[in-house]
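Enquirer:
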Amino acid sequence: MSLFLPDRRWLLTLGSLTTVSMAVWALGWVLVASPWFYSLFEEPLGPEPGFRTAAAISRAGSTNTSVCLLLGSSTTREGFDDVMMSTSTGLEFVNGGASGGTLLWVELALLMTQRAAVKPYCLVLGLNARMLRPAQSDLHQRGYAPFVDIRDSVAVLDGAPEEWKGVHRGYLWKRTVWPFSAPATILGRRLERALLQRGRPEDFLWPRHLTAPPRFLYNEANSLSVEQWKETWWKMEREGQLDPLAYGAQTERLRLSRILKLAAKISPRVVVVVMPTHSRLRQQLASMQQPFEETLEHARRADIIDAVWGYGDALNDTHFRDFGHLNSGGRHWLSRKVASGVKELWYRP
Numbered sequence: 003m004s005l006f007l008p009d010r011r012w013l014l015t016l017g018s019l020t021t022v023s024m025a026v027w028a029l030g031w032v033l034v035a036s037p038w039f040y041s042l043f044e045e046p047l048g049p050e051p052g053f054r055t056a057a058a059i060s061r062a063g064s065t066n067t068s069v070c071l072l073l074g075s076s077t078t079r080e081g082f083d084d085v086m087m088s089t090s091t092g093l094e095f096v097n098g099g100a101s102g103g104t105l106l107w108v109e110l111a112l113l114m115t116q117r118a119a120v121k122p123y124c125l126v127l128g129l130n131a132r133m134l135r136p137a138q139s140d141l142h143q144r145g146y147a148p149f150v151d152i153r154d155s156v157a158v159l160d161g162a163p164e165e166w167k168g169v170h171r172g173y174l175w176k177r178t179v180w181p182f183s184a185p186a187t188i189l190g191r192r193l194e195r196a197l198l199q200r201g202r203p204e205d206f207l208w209p210r211h212l213t214a215p216p217r218f219l220y221n222e223a224n225s226l227s228v229e230q231w232k233e234t235w236w237k238m239e240r241e242g243q244l245d246p247l248a249y250g251a252q253t254e255r256l257r258l259s260r261i262l263k264l265a266a267k268i269s270p271r272v273v274v275v276v277m278p279t280h281s282r283l284r285q286q287l288a289s290m291q292q293p294f295e296e297t298l299e300h301a302r303r304a305d306i307i308d309a310v311w312g313y314g315d316a317l318n319d320t321h322f323r324d325f326g327h328l329n330s331g332g333r334h335w336l337s338r339k340v341a342s343g344v345k346e347l348w349y350r351p
């Protein structure tokens, strides 16, 4: 009986290929895990909120001046004019707010900031009690999947629907096997955009995803029509956004505490702005206000955050363009208030 013994040259070749493959794999992980990864996102490479947030973080990290980074959901995006705030204080403000409406996306934005090794002079978190509810869309739809670190995925997805977890685990497995997948996607979009700019939009099946969104999505309409207000309210009812029982789960309260502690690790100066809320929503979800405010006050007393500025009921309904977002008048008022507060509290140019 004879045993098959592979040729020594074949073994050496196999060993060399394995070594090269492992080296390339390790290089991919080094690149994706390093702050360099964020240099790919100097501008949003698509309309997804994750890319918008990545671009803001990249911008905050590329300046030589003191930067105050604003993070939150679309209420933050629509609630602050960072150009006005920068002009009035001499401190550069960067608005990284993006659509989402729940705490999950704020936690992801902070994890992205930490991973990018961006250390802003100060952090302003725009939060409200409505954010104490589970997210309604997954990481892929929102464009955050490339930025979620494996080490953080378990905590980030705590309380998420099981189908989300399955999709995300599949993505993490793919990225583990091929760590170049995320940079390849980004570089692919850059190439497509360059071709789009030199060619004709009609030559592309989906040119919209290659077009960078505007820096802000300000809607300058002072108010919706009566019918639009009614339709918006009915839509929120259908989606369960007006059910107090959908808010305040233990996982979301823990997420809020985790967010505040993470913010303190990123910047030595952290303030939470309780965003203005339309009166009908304040009445509908009043029961959620107490646990939300208690968590913030506990963090302030423990010196985890520096201040809580409550503007939840500061503006009347004429300052809202819909139930969740400020119009230009409300945005200018809040921008001036927060900019002057930051300057008075910390900034001495």
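All the letters of the sequence shown, read from the start, carry residue numbers 3 to 351 under my numbering.
Glycine residues also receive a C-beta, built at the ideal position from the N, C-alpha and C atoms.
Fair warning: this is a prediction, and the values are worked out from it, not measured in the lab.
(1) Do you know whose CA, among Arg338, Lys237, Trp311 and Ile268, lies nearest Asp324's CA?
(2) Going by beta carbon distance, what residues of the same chain come within less than 6 Å of Pro278, once the five residues before and after it are set aside?
(3) In the DSSP assignment, what are the bridge partners of Ala309?
(4) Identify which residue in Trp175, Trp311 and Met114 has its Cα closest to the Cα of Val275.
(5) According to DSSP, simplified to helix, strand and coil, what is Leu212?
(6) Specify, as a first and last residue, the run of the alpha helix (DSSP H) that Gly63 falls within.
(7) For Glu109, which residues in the same chain have their Cβ closer than 8 Å to its Cβ, ignoring the five residues on either side in sequence?
(8) Taking 8 Å as the cut-off, does the segment 55 to 67 touch the segment 301 to 308 (at least 3 CB pairs, one atom from each stretch)?
(9) For Leu112, which residues of its own chain have a beta-carbon under 7 Å away from its beta-carbon, when the five flanking residues on both sides are left out?
(10) Let me check understanding here. Comparing Cα to Cα, which of Arg144, Leu16, Met24 and Gln116 lies closest to Ser76?
(11) Note down the Cα distance separating Trp166 from Thr320, rounded to an integer number of angstroms.
(12) For Thr115 and Leu125, I'd like the C-alpha separation in whole angstroms.
(13) Beta carbon of Thr253, beta carbon of Asp140: below 7 Å?
(14) To the nearest angstrom, how far is the alpha carbon of Ser64 from that of Val120?
(15) So Leu71 is in the beta strand (DSSP E); what residue range does that whole segment cover?
(16) Starting from the C-beta of Leu207, find all residues in its chain whose C-beta is less than 7 Å away, skip the five residues before and the five after it, and write them out in chain order.
(17) Could you give the distance in angstroms between the alpha-carbon of Leu19 and the alpha-carbon of Ala25?
(18) Leaving out five residues on either side along the sequence, give the residues of the same chain with a beta carbon under 8 Å from the beta carbon of His327.
(19) Are there 16 or more other CB atoms within 10 angstroms of the CB of Arg240, so buried, or fewer, so exposed?
(20) Use the C-beta contact count for Val22: other C-beta atoms within 10 angstroms, 16 or more gives buried, fewer gives exposed.
(21) How long is the line joining the alpha carbons of Thr91 and Ala288, rounded to whole angstroms?
(22) Going by DSSP in three states, Gly331 sits in which element: helix, strand or coil?
Expert: Put simply:
(1) Lys237
(2) The residues are Tyr313, Ala316 and Leu317.
(3) Looking at the DSSP output, Ala309 sits in a beta bridge with Val273.
(4) Trp311
(5) Residue placement at Leu212 is flagged as unreliable, the pLDDT there being 46, under the threshold of 50; a coordinate-derived value is accordingly withheld.
(6) Pro51 to Ser64
(7) Val158, Arg257, Arg260, Ile261 and Leu264
(8) no
(9) Leu73, Ile261, Leu264, Ala265 and Ile268
(10) Arg144
(11) Taking the straight line from one Cα to the other gives about 38 Å.
(12) 11 Å
(13) no
(14) 9 Å
(15) Val69 to Gly74
(16) Any reading at Leu207 must be qualified, since the residue scores a pLDDT of 48, below 50, and its modelled position is unreliable; no value is offered.
(17) 10 Å
(18) Ser76, Thr77, Glu80, Gly81 and Asn221
(19) exposed
(20) That one is exposed.
(21) 35 Å
(22) helix
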